[in-house]
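> This is the structure I want to talk about, given as structure tokens.
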Amino acid sequence: MVDVVVVGAGLSGLVCARRLREAGAEIVVLEARDRVGGRVVNEPIAPGQVVEMGGQWVGPSHTEIRRVAAEVGVDTFPTYGEGKHLFAHAGRTTQFGGDIPARMPFGLVDFRIAQARLERLARHIDLGDPASTPRSRRHDTLTVETWIRRHMHTRSGRNLMRLMVKAVLATEPSELSLLHWLFYIASGGGLNSLVRADGGYQQDRFVGGSQEIALRLADDLGERVHLSAPVRRIEHTPEGVRVHTDTTTYDADAVVIAVPPHLLTTIEFCPALPATRNQLSVRMPPGMVTKFVAVYDEPFWRATGLSGQATLTSGPIGVTFDNSPPGGSPGALVAFALGEDARALENLDADERRAAVLERLAELFGPSAAEPTQFHERCWAREQWTRGGYAGIFGPGGWTSFGKILGRSHGRLFWASAETVVHAHGSMDAAVSAGERAAVEALATCLAEVPASR
Ligand SMILES: Cc1cc2nc3c(=O)[nH]c(=O)nc-3n(C[C@H](O)[C@H](O)[C@H](O)COP(=O)(O)OP(=O)(O)OC[C@H]3O[C@@H](n4cnc5c(N)ncnc54)[C@H](O)[C@@H]3O)c2cc1C
Numbered sequence: 015m016v017d018v019v020v021v022g023a024g025l026s027g028l029v030c031a032r033r034l035r036e037a038g039a040e041i042v043v044l045e046a047r048d049r050v051g052g053r054v055v056n057e058p059i060a061p062g063q064v065v066e067m068g069g070q071w072v073g074p075s076h077t078e079i080r081r082v083a084a085e086v087g088v089d090t091f092p093t094y095g096e097g098k099h100l101f102a103h104a105g106r107t108t109q110f111g112g113d114i115p116a117r118m119p120f121g122l123v124d125f126r127i128a129q130a131r132l133e134r135l136a137r138h139i140d141l142g143d144p145a146s147t148p149r150s151r152r153h154d155t156l157t158v159e160t161w162i163r164r165h166m167h168t169r170s171g172r173n174l175m176r177l178m179v180k181a182v183l184a185t186e187p188s189e190l191s192l193l194h195w196l197f198y199i200a201s202g203g204g205l206n207s208l209v210r211a212d213g214g215y216q217q218d219r220f221v222g223g224s225q226e227i228a229l230r231l232a233d234d235l236g237e238r239v240h241l242s243a244p245v246r247r248i249e250h251t252p253e254g255v256r257v258h259t260d261t262t263t264y265d266a267d268a269v270v271i272a273v274p275p276h277l278l279t280t281i282e283f284c285p286a287l288p289a290t291r292n293q294l295s296v297r298m299p300p301g302m303v304t305k306f307v308a309v310y311d312e313p314f315w316r317a318t319g320l321s322g323q324a325t326l327t328s329g330p331i332g333v334t335f336d337n338s339p340p341g342g343s344p345g346a347l348v349a350f351a352l353g354e355d356a357r358a359l360e361n362l363d364a365d366e367r368r369a370a371v372l373e374r375l376a377e378l379f380g381p382s383a384a385e386p387t388q389f390h391e392r393c394w395a396r397e398q399w400t401r402g403g404y405a406g407i408f409g410p411g412g413w414t415s416f417g418k419i420l421g422r423s424h425g426r427l428f429w430a431s432a433e434t435v436v437h438a439h440g441s442m443d444a445a446v447s448a449g450e451r452a453a454v455e456a457l458a459t460c461l462a463e464v465p466a467s468r
């Protein structure tokens, strides 16, 4: 018997559990994996040094995750971004400063006009209910690819916009509702904020890696966190809930389900969930991303005036960043394969994938890039308890049909996860906000039944 069962020990579930504990509730956190963190995970690269293979960056507007990090004593440090960035397009690589490459002037003008147009449309989005205006409903009938073809006029401008979508949401524009793209631009404070390091989403990283936050939250919760305990079945009645793992059954007043919507299909609910919730679980799939990190004795690109940031309009990788730990030793470059490029890489074996990625890095940063001391890869779609990344996204019709119920509780079932809040949707920051919201909701249910004297 506990007051609340929390399903999932990602950032959302762990923060939820922490707040419930602070309020005096008896809780248990059930995590399917043999580790905590979910979509944030560190891998060691040197004694005391790690790289992140999942979520890692925070911007200035990500105040919730920063607050929790500070609470558990994890500091931030700035993403390395000094020097020139690279832009690889149509067989040529050029260097540039600022946000957007200056080459391909016609394409750039096309891109800028399209960006301004998207941002104008995004300003009309009601973040609390993105599908609420008639115009939004029309936007929810289109894919972003359709919009690009209708409103952009140059090949290079279109390709740059496609890359932006892929870099920001790890999905193909043809898979994405225009309304989701507009909502996401609004939710993130504009397109520039989404792609920029300085002043934008990629501004800072966490010392010791983002998973350090999850590890410390779990440490504080102690034996209340149960690993390798996938939840298989949840029975729910007006009186309470019963949560089953393979070995144990927990009775509680409420359950917070802190897993992304598409993973609800892995749990049997009794009675079955309402039709729209069941449909949501198959209508908000995650994107497709593989993250590669190449480690070198030192960040050799810095000496040649390069920032390590590159933008590529053709695969197999789409963007790179300097991902060295604070102090820059050892050096690390992170590269993202996104959407179809990531799917195509899955047709290769591990050695071929490594060769394909290193060849591209060498074209960008010179022959030294082909000889890392370590090579790390993580394809999130291969992970049983994630199945894609960065987060769930809506295709056409998604917001209109399911937007309103994303975070809406059902009896004694409460939903967390980064997909269920609007600010910085899909980010670590959103995961924290969702966990805190769900804790309050679940607590209200428990308190409603607990005598004042307890
Ligand atoms: C490659 C990648 C890069 C990213 N980059 C960034 C970034 O730079 N900045 C940023 O802010 N965000 C980024 N994100 C997104 C961010 O990592 C996530 O939004 C956030 O970590 C989600 O946290 P969550 O707790 O909501 O979900 P999750 O982390 O997915 O946690 C859910 C947990 O539930 C567990 N679980 C699932 N099913 C069950 C079950 N049946 N029983 C028990 N447990 C279960 C899972 O194992 C998991 O631990 C990135 C994500 C990826 C994949």
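Quick note on numbering: the sequence shown equals residues 15 to 468 in my numbering.
A virtual CB, placed ideally from N, CA and C, is assigned to each residue, including glycine.
Just so we're clear, the structure is a prediction, and the values are computed from it rather than from any experiment.
1. Pick out the complete beta strand (DSSP E) segments inside the segment 137-184, 3 residues or longer, and give them in chain order.
2. Identify the residues that DSSP records as bridge partners of Thr325: which are they?
3. How do the segment 39-54 and the segment 16-30 stand: do at least 3 beta-carbon pairs fall below 8 Å, yes or no?
4. Cβ-heavy atom distance between Gly38 and ligand 2 below 7 Å?
5. Taking Leu28 as the reference, give the member of Ile227, Pro313 and Pro285 with the closest Cα.
6. Smallest Cα separation from Ser295: which of Pro274, Pro313, Met166 and Pro285?
7. Going by DSSP, what residue range makes up the beta strand (DSSP E) through Asp267?
8. Under the criterion of a Cβ to heavy atom distance below 7 Å, does Ala102 qualify as lining ligand 1?
9. So is Gly9 buried or exposed if we call it buried at 16+ other beta carbons inside 10 Å?
10. With DSSP run on the structure shown, which of helix, strand or coil describes Ala448?
11. If you measure from the CB of Glu226, is any heavy atom of ligand 1 nearer than 7 Å?
12. Looking only at DSSP bridge pairs, what is Pro92 linked to?
13. Are there 16 or more other CB atoms within 10 angstroms of the CB of Ser242, so buried, or fewer, so exposed?
14. Leu196 to Met15, Cα distance in whole Å?
15. Are there 16 or more other CB atoms within 10 angstroms of the CB of Gly332, so buried, or fewer, so exposed?
16. Candidates Phe416, Ala453 and Ala438: which alpha carbon is nearest Arg151's?
17. For Arg33, count neighbouring C-beta atoms within 10 Å of its own C-beta (all shown protein chains included) and say buried if the count is 16 or more, exposed if not.
18. Using the three-state DSSP reduction, which class does Gly412 fall into: helix, strand or coil?
19. Within its chain, find whatever has a CB closer than 6 Å to the CB of Gly95; leave out the 5 residues flanking it on each side and keep chain order.
20. Would Val123 be called buried (16 or more neighbouring beta carbons within 10 Å of its own) or exposed?
21. Per DSSP, Thr108 is paired with what?
22. Let's test the definition: count the other Cβ atoms within 10 Å of the Cβ of His138 and tell me whether it reaches 16, buried, or not, exposed.
23. Does the separation of the CB atoms of Leu135 and Val158 fall below 8 Å?
24. Going by DSSP in three states, Asp311 sits in which element: helix, strand or coil?
25. Which same chain residues, not among the five before or five after His165, have their C-beta less than 8 Å away from its C-beta?
26. Could you compute how far the alpha carbon of Val82 sits from the alpha carbon of Phe335?
27. So which of Gly449, Pro92 and Gly425 has the shortest CA-CA distance to Pro285?
28. If you draw a straight line from the C-alpha of Gly236 to the C-alpha of Thr251, how long is it?
29. Sorted by chain position, which residues of the same chain lie with C-beta nearer than 8 Å to Ser207's C-beta, five sequence neighbours on each side aside?
30. Residues in its own chain within less than 7 Å of Ala184 by CB, not counting five upstream and five downstream?
31. Tell me which same chain residues have a C-beta within less than 6 Å of the C-beta of Val182, skipping the five on either side of it?
32. First and last residue of the alpha helix (DSSP H) that includes His194?
33. Would you list the one or two residues that DSSP bridges to Ile248?
34. Assess contact between the segment 377-386 and the segment 307-317, defined as three or more Cβ pairs (one per stretch) separated by less than 8 Å. Is contact present?
35. Can you grab the Cα-Cα spacing for the pair Thr280 / Arg106, in whole Å?
36. At which residue ranges does the segment 346-425 contain complete alpha helix (DSSP H) runs of 4 or more residues, listed in the order of the chain?
Reading off the structure:
1. none
2. Under the DSSP definition of a beta bridge, Thr325 partners with Phe101 and Val333.
3. yes
4. In the structure shown, ligand 2 is absent; the only ligands present are ligand 1.
5. Ile227
6. Pro274
7. Thr263 to Ile271
8. No, the Cβ of Ala102 stays beyond 7 Å of every heavy atom of ligand 1.
9. This structure cannot speak to residue 9, because the chain is shown only from 15 to 468.
10. helix
11. no
12. According to DSSP, Pro92 bridges with Asp218.
13. exposed
14. Approximately 44 Å, taken between the alpha carbons.
15. Buried, because 16 or more other Cβ atoms sit within 10 Å of the Cβ of Gly332.
16. Phe416
17. Buried is the call here.
18. helix
19. Ala211 and Ser321
20. exposed
21. Phe101
22. exposed
23. no
24. coil
25. Within the same chain, and ignoring the five residues on either side of His165 in sequence, the residues whose Cβ sits closer than 8 Å to its Cβ are Ala128 and Arg131.
26. 25 Å
27. Gly425
28. 29 Å
29. Gly73, Ser75, Gly213, Gly214 and Tyr215
30. Only Gly301, Met302, Val303, Leu352, Gly353, Gly403 and Tyr404 meet the Cβ criterion.
31. Leu208
32. Leu192 to Ser201
33. Val257 and Phe283
34. Cβ pair count under 8 Å is three or more, so yes.
35. 46 Å
36. 354-359, 364-379 and 412-416
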